[in-house]
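>
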Amino acid sequence: MGEDVEALKRRLPLIEYLRQHNWKGSPVGRSEFVGLCPLHEETRPSFYVNTRKDVFYCHGCGQGGDLIRFIQLSRHLSFHQSLVCLGPQTITADAVAVLELAAAFYQQQLDCYPEALRYLYQRGLHDHTLIRELEIGYAPGGILRRHLAAQGYTFDLLRHVGLLNEQGADAFYQRIVFPLRSGADLVNLYGRSIGTAFAHRFLPGAKGGLYAWEKVRNCPAVILVEGLFDYVVLRQAGFPNVTCSLGTHLNADQFRQLCDGPRTVYLTFDVDANQSGQQAAEQLSQRLGAHGIAARRVLLPQGHDPNSFFVEGGNAQQFQSLVEAAQP
Ligand SMILES: [Zn+2]
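The sequence shown begins at 140 in the numbering used here and counts up by one.
(1) Whether or not the segment 300 to 319 and the segment 356 to 366 are in contact is what I'm after, with contact meaning three or more pairs of Cβ atoms, one per stretch, closer than 8 Å; do they touch?
(2) Identify which residue in Phe337, Ile270, Val237, Leu151 has its Cα closest to the Cα of Arg298.
(3) Ala138 bridges to which residues according to DSSP?
(4) Apart from the five residues just before and just after Asp444, which ones in its own chain have a Cβ nearer than 7 Å to its Cβ?
(5) For Ala419, which of helix, strand or coil comes out of DSSP?
(6) Tell me whether Gln466 sits in a helix, a strand or coil according to DSSP, three-state version.
(7) Going by C-alpha to C-alpha distance, which of Val173, His388, Val404 sits closest to Asn380?
(8) Near Ala338, what residues of its chain come up, given a Cβ to Cβ distance below 8 Å and the 5 sequence neighbours on each side ignored?
(9) For my contact list, Leu349 and Leu328 are in at a C-beta cut-off of 8 Å; report their separation, rounded to the angstrom.
(10) Mind checking whether Ala241 and Leu302 have CB atoms under 7 Å apart?
(11) Residues in the same chain with beta-carbon distance under 8 Å from Gly344, minus the five sequence neighbours each way, listed in chain order, please.
(12) Rounded C-beta distance between Leu178 and Gln202? I'm assuming under 8 Å.
(13) Kindly indicate the opening and closing residues of the alpha helix (DSSP H) around His371.
(14) Among Ile154, Val173, Ser460, which has the Cα closest to the Cα of His198?
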C-alpha cells in the first residue's frame with residue numbers, strides 16, 4: 140500500500156473516523172473497543188476496533204479491515220473512491236498512490252521471473268540487499284491492470300499516469316523497473332527492457348532530480364554516471380557517493396542539485412566511439428566550473444561505460460585509480 144495511504148491513516152485513525160460518524164464503543168482491554176456494527180443490523184455489540192492495529196472486525200457479519208476497507212463497505216465505494224472521499228489531499232495523491240502500488244507490485248514480481256534476475260546478473264548486479272534497497276522490480280506484462288483494478292483503480296487513471304498504453308497493455312512490459320524518488324516521494328518509474336523491445340522508457344512527466352541524491356548531497360566528492368546500471372555496479376563495488384542523471388543531458392533540477400554546495404563532481408560518462416558521452420561530459424564540466432563547482436572527467440577505457448567496465452572484470456581498485464587520475 141502506498142505511503143500516501145499510510146500517511147492518510149496516520150492522520151485519521153479508524154476510531155476517530157467512527158466517532159465522527161457517531162459510533163459509540165465501550166473499552167474492552169487496553170486497546171480495544173466494542174460497539175454495535177455499522178455494517179449490519181444487530182442488537183448486541185459484536186463490532187470490535189483495535190486502536191493499536193487501527194483495524195476493525197465484526198463477529199456478526201465477519202467483515203474486517205482498516206479505515207479504507209470500512210469506508211468501502213459502509214459507503215459501497217471502490218478503494219479508489221474511498222480515498223477520494225477522505226479529502227482533497229488524497230485526490231492529488233491518487234496518481235502517486237497508484238504509482239506506489241505499481242512499484243510495490245513490480246518489486247514483488249522480480250523474484251518470480253528467473254529471466255528478470257538473469258538479466259540483472261548479466262548486467263553485473265547480484266547483491267540482493269542492494270536490489271531491495273533500490274526497490275528494483277520487474278513488469279512481466281499482462282497482470283498489473285487486473286491487480287490494480289481489484290483495488291478500485293480505473294483504466295482511465297492507469298492510462299493517465301502512463302502505466303498502461305491505449306490498448307491496455309503494460310507500458311513496462313518485460314522491463315526491469317526502478318522507482319525514481321525525490322526524498323520519499325515517488326516521481327516516476329524507469330523501465331529497462333530485458334529483451335528486444337525499445338530499450339528503456341519513463342512514464343510521462345518529469346524524470347525528477349538526480350537519482351538517490353539525498354544519499355550523496357553531503358559528500359564532498361560525487362561520482363556522476365549517466366545510467367542506472369552504471370549506478371548499481373558502482374554501489375555494489377562499494378562506492379557510496381554515486382548518483383545518476385539518467386542520460387547525459389541534465390535537467391534544471393539536476394544541475395541545480397550539483398551546484399547547491401561546494402563539491403567535486405567526477406563525471407563518468409560512456410566512452411563511446413562517436414564521442415557523445417565525452418562531449419557531454421566536457422560541456423557539463425565547463426558549465427559546472429562556471430558555477431564554481433570543481434568537475435573532473437573520469438576516463439574509462441575506449442568503448443566502456445562503468446557498467447561494462449565492471450561486468451567485464453574491472454574491480455573497485457582499478458576504478459578508484461581512474462577516479463584519482465581524472466582530469467578537469
Ligand atoms: Zn457486522
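Just so it is clear, CB atoms sit at the ideal spot from N, CA and C, and this is done for glycine as well.
The short version:
(1) no
(2) Translated into positions along the sequence shown, residue 298 becomes position 159. Minimum Cα distance to Arg298 is reached at Val237.
(3) In the structure as shown, the chain starts at 140 and stops at 467, and residue 138 therefore has no counterpart that could be examined.
(4) If you number the sequence shown from 1, residue 444 lands on position 305. So the list reads Gly366, Asp369, Asp409, once near-sequence residues are dropped.
(5) As a working mapping, residue 419 is identified with position 280 in the sequence shown. Correct three-state label for Ala419: helix.
(6) For the purposes of this step, residue 466 is taken as the residue at position 327 of the sequence shown. Strand, per DSSP.
(7) Position 241 of the sequence shown, counted from the start, is the residue given in the question as residue 380. If we check each option's Cα against that of Asn380, Val404 comes out closest.
(8) Sequence index remark: in the sequence shown, residue 338 carries index 199 (1-based). Excluding positions up to five away in sequence, the list reads Arg331, Ser332.
(9) As a first step, residue 349 is located in the sequence shown; it is residue number 210 there, counting from the start. As a first step, residue 328 is located in the sequence shown; it is residue number 189 there, counting from the start. That belief does not hold up - the Cβ atoms of Leu349 and Leu328 are roughly 16 Å apart, past 8 Å.
(10) Counting from one through the sequence shown, the residue named residue 241 turns up at place 102. Counting from one through the sequence shown, the residue named residue 302 turns up at place 163. Going by C-beta atoms, Ala241 is nearer than 7 Å to Leu302.
(11) One-based indexing of the sequence shown puts residue 344 at position 205. These residues qualify, in order along the chain: Gly301, Val326, Asn327.
(12) Within the sequence shown, residue 178 is the residue found at index 39, counting from 1. Within the sequence shown, residue 202 is the residue found at index 63, counting from 1. Their Cβ separation, rounded to whole angstroms, is 5 Å, which keeps Leu178 and Gln202 in contact under 8 Å.
(13) Against the sequence shown, residue 371 aligns to sequence position 232. Strictly speaking, residue 371 in this sequence is Val, with His absent from that position. Note, Val371: alpha helix (DSSP H), 367 to 375.
(14) If you number the sequence shown from 1, residue 198 lands on position 59. Nearest option by C-alpha distance: Val173.
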